[in-house]
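*Asks:*
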Amino acid sequence: TYLTPDMETQKHRSESATLYIDYPTGVYDVRREFHNNRPELKKLDSLMRPLTEGNLASISSISICGYASPDGTYKDNEILASNRARCFKEYMHTTYAPEHDLYKVSSVPEDWDGLVELLQRRPMNHGDEVLSLIARTSIFEGREKQLMDMYGGTVYRELLK
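With our numbering applied, the sequence shown covers 850 to 1010.
1) Among 964, 933 and 908, whose alpha-carbon lies nearest the alpha-carbon of residue 863?
2) Could you tell me the alpha carbon to alpha carbon distance between residue 995 and residue 953, rounded to whole angstroms?
3) What residues are listed by DSSP as bridge partners for residue 916?
4) When we look at the beta-carbon of residue 973 and count the other beta-carbons within 10 Å, is it buried (16 or more) or exposed?
5) With DSSP collapsed to three states, give me the class of residue 911.
6) Is DSSP giving residue 1012 helix, strand or coil here?
7) By a C-beta neighbour count over all protein chains shown, 10 Å radius and 16 as the cutoff for buried, is residue 933 buried or exposed?
8) Pair every Cβ in the region 913-921 with every Cβ in the region 960-978, then say whether three or more of these pairs are closer than 8 Å.
9) Please state the DSSP three-state secondary structure of residue 869.
10) Please say whether residue 869 and residue 936 have beta carbons closer to each other than 8 Å?
11) Which residues in the same chain as residue 992 place their Cβ atom closer than 7 Å to its Cβ, once the five residues preceding and following it in sequence are excluded?
12) Using the Cα positions of residue 881 and residue 946, report the straight-line distance between them to the nearest angstrom.
13) What residues match up with residue 952 in a beta bridge as DSSP calls it?
Shown next, in the form of structure tokens:
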């Protein structure tokens, strides 16, 4: 006896990629030649091209989250992160042409979690003190000001690099 499997009318697959697009300070448009952007965008291209060429696949949603580093005012970073997400959406739409309603766009004004991850991966002088300060002081209780004042500003200047 042979059993014939039920045929899938549609195969559902999920693909994801995390890209690290770098921006000059205060800039929000995608710059292919800046820092490590070329290989990051190539990674995106290797994911998107097979999905958008031909009619064998359809895209149901694309999530984009824009970030800004903690330097600068919270309000400025909020605008910058939002603009980065919006511009990356436009880059995606122009390059790969998925419909606008497929995008879920969000932003994080100050990427403190990313800074913590970076400090854990690449230790620096006074890194443990910085991590402790981040853990105990909220964004709106002077965290950035305390970092700026730490060791006469040397730690903050190092973080900006």
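Cβ coordinates follow ideal geometry from the N, Cα and C atoms, glycine included.
*Replies:* According to the structure shown:
1) If you number the sequence shown from 1, residue 863 lands on position 14. Among 964, 933 and 908, the Cα nearest to that of residue 863 is on 908.
2) Within the sequence shown, residue 995 is the residue found at index 146, counting from 1. Within the sequence shown, residue 953 is the residue found at index 104, counting from 1. Their backbone Cα atoms lie some 35 Å apart in a straight line.
3) Along the sequence shown, read from residue 1 onward, the residue named residue 916 stands at position 67. Answer is 957.
4) Mapped onto the sequence shown, residue 973 falls at position 124. Exposed, because fewer than 16 other Cβ atoms sit within 10 Å of the Cβ of residue 973.
5) What you label residue 911 is simply residue 62 of the sequence shown in a count that begins at 1. It is a strand residue.
6) For the chain, the structure presents residues 850 to 1010; residue 1012 sits outside this window and is missing.
7) By one-based count along the sequence shown, residue 933 stands at place 84. Burial call: buried.
8) yes
9) Taking the sequence shown and counting its residues from 1, one reaches residue 869 at position 20. It is coil, neither helix nor strand.
10) As a position in the sequence shown, residue 936 is number 87, starting the count at 1. As a position in the sequence shown, residue 869 is number 20, starting the count at 1. In this structure, residue 869 does not lie closer than 8 Å to residue 936 by Cβ.
11) By one-based count along the sequence shown, residue 992 stands at place 143. Closer than 7 Å at Cβ, skipping near neighbours: 982, 983 and 986.
12) Residue numbering aside, residue 881 sits at position 32 when the sequence shown is read from its first letter. Residue numbering aside, residue 946 sits at position 97 when the sequence shown is read from its first letter. Their Cα atoms are separated by approximately 18 Å.
13) Your numbering for residue 952 matches position 103 in the sequence shown. For residue 952, which the question treats as bridged, DSSP gives the partners 911.
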